[in-house]
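Chemist: Residue numbers (my numbering): 22 to 139.
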Amino acid sequence: MLFQTIPVLRIFDVEKAKAFYLDFLGMKMDWEHRFGADYPVYMQVSRGELVFHLSEHSGDGSPGTKLFVNTADLDGVYQDIMSKGYRYCRPEISVAPWDSRVFEVVDPFSNRILFSEG
Numbered sequence: 022m023l024f025q026t027i028p029v030l031r032i033f034d035v036e037k038a039k040a041f042y043l044d045f046l047g048m049k050m051d052w053e054h055r056f057g058a059d060y061p062v063y064m065q066v067s068r069g070e071l072v073f074h075l076s077e078h079s080g081d082g083s084p085g086t087k088l089f090v091n092t093a094d095l096d097g098v099y100q101d102i103m104s105k106g107y108r109y110c111r112p113e114i115s116v117a118p119w120d121s122r123v124f125e126v127v128d129p130f131s132n133r134i135l136f137s138e139g
């Protein structure tokens, strides 16, 4: 049986979320939904098999969530996002206490994404 976990991350500003997830992390917008013109957004973004749901709805997640993302190409992901020149987040690769190379990015809503070589 195949499973896929899709985290729901709380956001507060759609434009800031798009600048971070689409422009900086290189994800693509899969879909976006609102119940009406002045309603909160719920959207899906992805990069390959990495999929996130981003929500402005108050009951969907808490700011400050931390995600752990394994990747076989840590250097490639790192070089790609660093080439974007996002001014609010400049991660560095380090070695975690469990001896894996990692880097962490923090979105504008304090959600943390730790990329790990694995």
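Beta carbons are placed, not taken as given, at the ideal position from N, Cα and C, and that holds for glycine.
1) Suppose only complete runs of 3+ residues qualify. What are the beta strand (DSSP E) ranges in the region 48-132, listed by chain order?
2) If we ignore side chains and look at the alpha-carbon of each, how far apart do G97 and F73 end up?
3) For R111, tell me which candidate among M64, V66, F124 and K87 has the shortest Cα-Cα distance.
4) Do you know offhand how far S67's Cα is from W52's?
5) Roughly how far, in whole angstroms, is the beta-carbon of G85 from the beta-carbon of S76, given that I think they are within contact range, below 8 Å?
6) Three-state secondary structure (DSSP) at V41?
7) Between the Cα of M50 and the Cα atoms of Y60, M64 and I27, which residue gives the shortest distance?
8) Please determine, among K37, V62, D94 and H54, the residue with the shortest C-alpha to C-alpha distance to S79.
9) Quickly, what does DSSP pair L18 with across the bridge? List them, please.
10) With DSSP as the reference, please indicate the residues paired to E36 in a beta bridge.
Modeler: According to the structure shown:
1) You should have 49-54, 63-68, 71-76, 87-92 and 122-127.
2) Translated into positions along the sequence shown, residue 97 becomes position 76. Translated into positions along the sequence shown, residue 73 becomes position 52. Going from the Cα of G97 to the Cα of F73 covers about 20 Å.
3) For this step, residue 111 is matched to residue 90 along the sequence shown. The candidate whose alpha carbon is nearest that of R111 is F124.
4) As a working note, residue 67 is residue 46 in the sequence shown. As a working note, residue 52 is residue 31 in the sequence shown. The straight-line gap from Cα to Cα measures roughly 10 Å.
5) Within the sequence shown, residue 85 is the residue found at index 64, counting from 1. Within the sequence shown, residue 76 is the residue found at index 55, counting from 1. With a Cβ gap of about 15 Å, G85 and S76 do not count as contacting.
6) Locating residue 41 in the sequence shown gives position 20, counting from the first residue. Checking the sequence shown, residue 41 turns out to be Phe, not Val. Here F41 sits in helix by DSSP.
7) Taking the first residue of the sequence shown as position 1, residue 50 is located at position 29. In terms of CA proximity to M50, M64 leads the group Y60, M64 and I27.
8) The count along the sequence shown starts at 1 and reaches residue 79 at position 58. Per the Cα distances, V62.
9) There is simply no residue 18 to check, as the chain begins at 22 and stops at 139 in what is shown.
10) For the purposes of this step, residue 36 is identified with residue 15 of the sequence shown, where counting begins at 1. DSSP output for E36 lists no bridge partner at all.
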